[in-house]
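Quick note, in the working numbering, the sequence shown goes up one by one and the last residue is 350.
C-beta: ideal position from N, C-alpha, C; glycine also.
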Amino acid sequence: METLEEIYLQENYRQFHYIMITLALKDKYNCADLLSDANYHSNRHGQNNPLFRLHEACYHKCEIPKAPAPKDSHDWKVLLQEILGSSSEKKKKKKTKEEEEEEVRRIKLSYQHDEEKAIDDFVSLCSLAQQPGNKQAEHLVETFLRDLYQSDLASHIMFLLMHVDKPCLRQFAQTKLGVSNAAWFCTVDIVVRKTDDNLVHGNTGHYTIFTRSKDGSEQPLHFTHQPSTVYYLMFLICRCQTHRLLPHFEFRHNMYAFFKIYRLVYDESDAAIHEKYKKLLYREDQFGQLRAGRLHEIVYDIRQQLEQRFNEYGENYQPYAIGAREELTVGAEHIYFEGEAQQMLEIDFV
């Protein structure tokens, strides 16, 4: 029988959520105690840890009356063992195709409800920010936009949002924001493949990133800068590495991976690659002061190219986009490294 830890590490989130919800319904206080375990918190990024957020929801927001305590409920390990056992039994029962389709339909409806709620929350927050003197709401909206777009244009978008009505706010949220739940509705695939030698020139390297629509047609992504291709490949590789425990990599700690991918894609010297890497992290102004590097320009380049391409498909580009504190939300089942490109999946990140 699999342990709860093994289920979580295998990224079987649906099974994990079922177990935790069942445990919360049977004994929400022991569930909260379990999720407070230091073994989870010390290794999973504190408040960014989904376990922590689930713990907060169980402990502080659960309004379900406590059910009669089952036998041995004083020992959450016994209770958890019972749930794991019953869960394993349920897994053995093979579902019919109709049952699977109904389950998918219910989950999609649930995701759609969550997305609509997120849009409602954004509209409400912007409405609060429009009220004179509400600096806190203004700060929250601007911070959200900066994290989302990774550009100084966020302040201009902020200005426009502060002078439009609610229907316009809602239309903006529905078409331009996108939330992680949109990943459930992705249909476009990302394909990485070796480039024909006759086509290698300029920013077209030895490997090309394609978008593949549901009808099978492919189009190459053309980024403005070479580092954009390399940086986006880093995210694609990490998304496909099932052995990774961390959802996101720190760029400043992964110079080796950046170098290795760059050498595979482009014919550049080590000195040139090092200079590009350094400029992404920091730069010196005319007075010799260190300033933030050009990484935000690379992020903007990637997002801009993806948005233009996905507008052609009539699909939300956000699950395929990246940010400073944002990883890909599109599933690995939509990302393909074909042929020689598969060697990239063996590159290690820290």
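Proximity winner among the options, relative to residue i (alpha-carbon distances)
i    : options                   : result
A341 : I273, P227 and T208       : T208
T224 : I302, Y336 and N254       : I302
E346 : K117, L160 and I261       : I261
A118 : S217, L169, K279 and Y336 : L169
E268 : F249, Q289, V230 and V299 : V230
V265 : N203, E102 and F144       : N203
S124 : V200, E338, K166 and H296 : K166
G339 : T96, G216, V192 and D270  : V192
H274 : G288, E116, M255 and Q289 : M255
L221 : E312, D270, E102 and Q343 : E312
Q343 : V200, A271, Y282 and R263 : R263
D120 : Y300, L199, Q171 and H201 : Q171
Cut-off 6 Å between Cβ atoms - residues of its own chain near residue i, not counting five sequence neighbours on either side
i    : result
Q219 : T211
T187 : K214
F122 : A173
F258 : Y277
F249 : C238 and F349
D270 : none
Y282 : L290 and G293
Nearest-angstrom beta carbon gap, residue j and residue i [assumed within contact, 8 Å]
i    : j    : result
R239 : A332 : 5 Å
I322 : F235 : 5 Å
R291 : D285 : 5 Å
Residue environment, residue i, which counts as buried when at least 16 other CB atoms sit within 10 Å
i    : result
E422 : This structure does not reach residue 422, given that the chain is present from 1 up to 350, and the question cannot be answered.
N48  : Confidence in N48 is poor, its pLDDT being 46 and thus under 50, which makes the residue's placement too unreliable to answer from.
N39  : Low confidence applies to N39: its pLDDT is 41, below 50, so where it sits in the model is not reliable enough to give any reading.
Q305 : buried
G205 : buried
R146 : buried
A129 : buried
R309 : buried
Q318 : buried
L233 : buried
K71  : Because K71 carries a pLDDT of 47, less than 50, the predicted location of this residue cannot be relied on, and the following value inherits that uncertainty. Burial call: exposed.
T328 : Looking at the sequence provided, one finds Leu at residue 328 rather than Thr. It counts as buried.
D348 : exposed
A272 : exposed
Residue span of the alpha helix (DSSP H) that contains residue i, given as start and end
i    : result
E312 : L295 to Y313
V230 : Q226 to C240
E275 : D270 to L281
Y207 : Y207 -> not in any alpha helix (DSSP H); beta strand (DSSP E) instead, spanning Y207 to R212.
Q318 : Taken as a continuous stretch (DSSP letters only), Q318 belongs to no alpha helix (DSSP H), as it is neither H nor E.
M255 : M255 to V265
A154 : L153 to L161
P167 : K166 to F172
Cβ-based neighbour list, residue i, same chain, cut-off 7 Å, excluding 5 preceding and 5 following
i    : result
C126 : V141, L161 and L169
Q136 : none
I298 : H225, P227, S228, Y231 and L280
E99  : none
Q241 : L345
K194 : H206, Y207, G339, E340 and A341
E307 : Y317
V200 : H206
M158 : V141, E142 and L145
Contacting residues, own chain, Cβ-Cβ under 8 Å from residue i (five flanking each side not counted)
i    : result
I190 : I209, F210, T211, R212, L236, Y320, V330, H334, I335 and Y336
Q131 : A137
H253 : V350
N134 : L128
E102 : none
Range of the contiguous beta strand (DSSP E) that encloses residue i
i    : result
A292 : L290 to A292
F337 : I335 to F337
Q219 : E218 to P220
I190 : D189 to K194
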